[in-house]
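Numbering (this note's numbering), first residue to last: 2 to 159.
Structure (structure tokens):
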């Protein structure tokens, strides 16, 4: 059962779409809870990079969510510290899925490439594939439609 979804925007501070969508979701969170019994949290992943309108301040935040990085002692890098905060809010990652605070995290990005809407997910993530199939079957995507890509990595990295 999915009872809590987090919508993250601003992992890269110069990608504004995710920030805008997460703020829209935040304004409607009470409606989602009332109508769908679904708690929805909005998180600005890298607020300092968003404020500066840069991809990142010290390191690419996408590289900060590997289990080994999250478990390492603090190194004084802004994005590493923020990733640890987000991990504590969402998970944490090193507990069983049933024990996590958030059941599904949607990390929103944008690009200047003409790709249409792209969903990236782990090839073994059954829930994300079900969500993608539902979206593909029910929504009309402009341009190139909906492209579903599987991100492969080792279990250690995930």
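Just so it is clear, CB atoms sit at the ideal spot from N, CA and C, and this is done for glycine as well. Owing to the predicted nature of the structure, the values given are computational and were not obtained by experimental measurement.
Option in the options with minimal Cα separation from residue i
{"i": "residue 123", "options": "22, 106, 87 and 25", "result": "106"}
{"i": "residue 59", "options": "68, 67 and 47", "result": "47"}
{"i": "residue 103", "options": "11, 21, 16 and 40", "result": "40"}
{"i": "residue 1", "options": "75, 97, 113 and 65", "result": "Outside the shown range of the chain (2 to 159) lies residue 1, about which nothing can therefore be said."}
{"i": "residue 117", "options": "20, 137, 130 and 29", "result": "137"}
{"i": "residue 4", "options": "98, 77, 73 and 115", "result": "98"}
{"i": "residue 2", "options": "38, 64, 20 and 135", "result": "38"}
Sequence-distant residues of the same chain with beta carbon closer than 6 Å to residue i, five excluded per side
{"i": "residue 43", "result": "8, 23, 26 and 27"}
{"i": "residue 16", "result": "110 and 111"}
{"i": "residue 101", "result": "92"}
{"i": "residue 30", "result": "41"}
Cα-Cα separation, residue i to residue j
{"i": "residue 90", "j": "residue 83", "result": "11 Å"}
{"i": "residue 119", "j": "residue 108", "result": "12 Å"}
{"i": "residue 115", "j": "residue 135", "result": "23 Å"}
{"i": "residue 121", "j": "residue 127", "result": "13 Å"}
{"i": "residue 133", "j": "residue 6", "result": "15 Å"}
{"i": "residue 64", "j": "residue 21", "result": "23 Å"}
{"i": "residue 73", "j": "residue 36", "result": "41 Å"}
Beta-carbon proximity list for residue i, same chain, < 7 Å, skipping 5 on both sides
{"i": "residue 34", "result": "40"}
{"i": "residue 57", "result": "13, 14, 47, 50 and 80"}
{"i": "residue 78", "result": "59 and 60"}
{"i": "residue 130", "result": "122"}
{"i": "residue 53", "result": "14"}
Contact under 8 Å by Cβ, residue i with residue j
{"i": "residue 11", "j": "residue 51", "result": "yes"}
{"i": "residue 68", "j": "residue 95", "result": "yes"}
Neighbourhood of residue i by C-beta, 8 Å cutoff - its chain only, sequence neighbours within 5 removed
{"i": "residue 62", "result": "12, 13, 46, 47, 50, 80, 83 and 84"}
{"i": "residue 88", "result": "66, 71 and 94"}
{"i": "residue 75", "result": "81, 82 and 85"}
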